[in-house]
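Working notes for the structure below.
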Amino acid sequence: MSAFIQQLPALIGVVIGAFGSYLAVVRGDRVRFRREQAARWEERRLAVYSDYARSVKQTVTVTYRVASELGNGTHPDPLTPEEAKPLLAAANAGRDPAGEALIMLGSSEVVARSRAWVVTVMEMERFVREGTRDAEAWRALLDQQRAGRTAYYAAVREDLGLPPGHSARRPVRGGDPVSPQR
1116 MSAFIQQLPA LIGVVIGAFG SYLAVVRGDR VRFRREQAAR WEERRLAVYS DYARSVKQTV
1176 TVTYRVASEL GNGTHPDPLT PEEAKPLLAA ANAGRDPAGE ALIMLGSSEV VARSRAWVVT
1236 VMEMERFVRE GTRDAEAWRA LLDQQRAGRT AYYAAVREDL GLPPGHSARR PVRGGDPVSP
1296 QR
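So that you can map any letter, position 154 of the sequence shown is 1269 in the numbering used here, and since no number is skipped, the others follow by simple counting.
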């Protein structure tokens, strides 16, 4: 019996060590699971943010082409308002589900910035649907749209923890070197 009592401290040490190892492994697994889960959600949010931006940009491109046909812009592939109707309808139909996903997964700041951007894009759409011929008003809408897009992308980058990105202001080839692209 005395041999057992002599080895009892060592046995207690082994039990405590095994229990400590178990706790360390469980805690490490929990931390890794949370980190992986956060990474998956960030990937999903990035996909939703990108899909939404792409859907809004489709409307911008169509309106830019129609504005060129109306004499308000300089897009190389003008489009008549009649030709644009099905394209605008398709762009709007694609934007709705992308917007719902954005509302569901996006941060409140990103959702607010997306709303400001899309309201301007809807004004651009109304402008060309009405057949307005006013180059200065169109230029103001384009500037407002660019500012909305920039604010949206800045909010997305902040939400995803990315460093500030490019402002998307680059010279148009053959045009004014200060003039930004769409």
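Note that CB positions come from ideal geometry on N, CA and C, so glycine has one too.
Secondary structure note for T1176: its alpha helix (DSSP H) is the uninterrupted segment S1117 to E1184.
In this structure, DSSP gives T1235 a helical state, which the three-state scheme calls helix.
S1229 counts as buried, since at least 16 other C-beta atoms from the protein chains shown sit within 10 angstroms of its C-beta. Straight across, the Cα-Cα distance linking T1265 with W1156 is about 23 Å.
The Cβ atoms of V1243 and P1196 sit closer than 8 Å to each other. Taking the CA atoms as reference points, V1130 sits about 36 Å from A1154. When W1232, R1241, A1168 and A1252 are compared, the shortest CA-CA separation from T1178 is found for R1241. Closest option to A1255, judged by alpha-carbon separation, among G1246, E1238, D1166 and A1270: E1238. Under the DSSP assignment, T1265 falls in the alpha helix (DSSP H) whose first and last residues are A1250 to D1274.
When secondary structure is reduced to three states using DSSP, G1280 falls in the coil class, being assigned neither helix nor strand.
In this structure, the alpha-carbon of R1248 lies about 31 Å from that of A1227.
In this chain, the alpha helix (DSSP H) harbouring L1220 covers P1196 to L1220. The straight-line gap separating the alpha-carbon atoms of G1128 and F1148 is approximately 30 Å.
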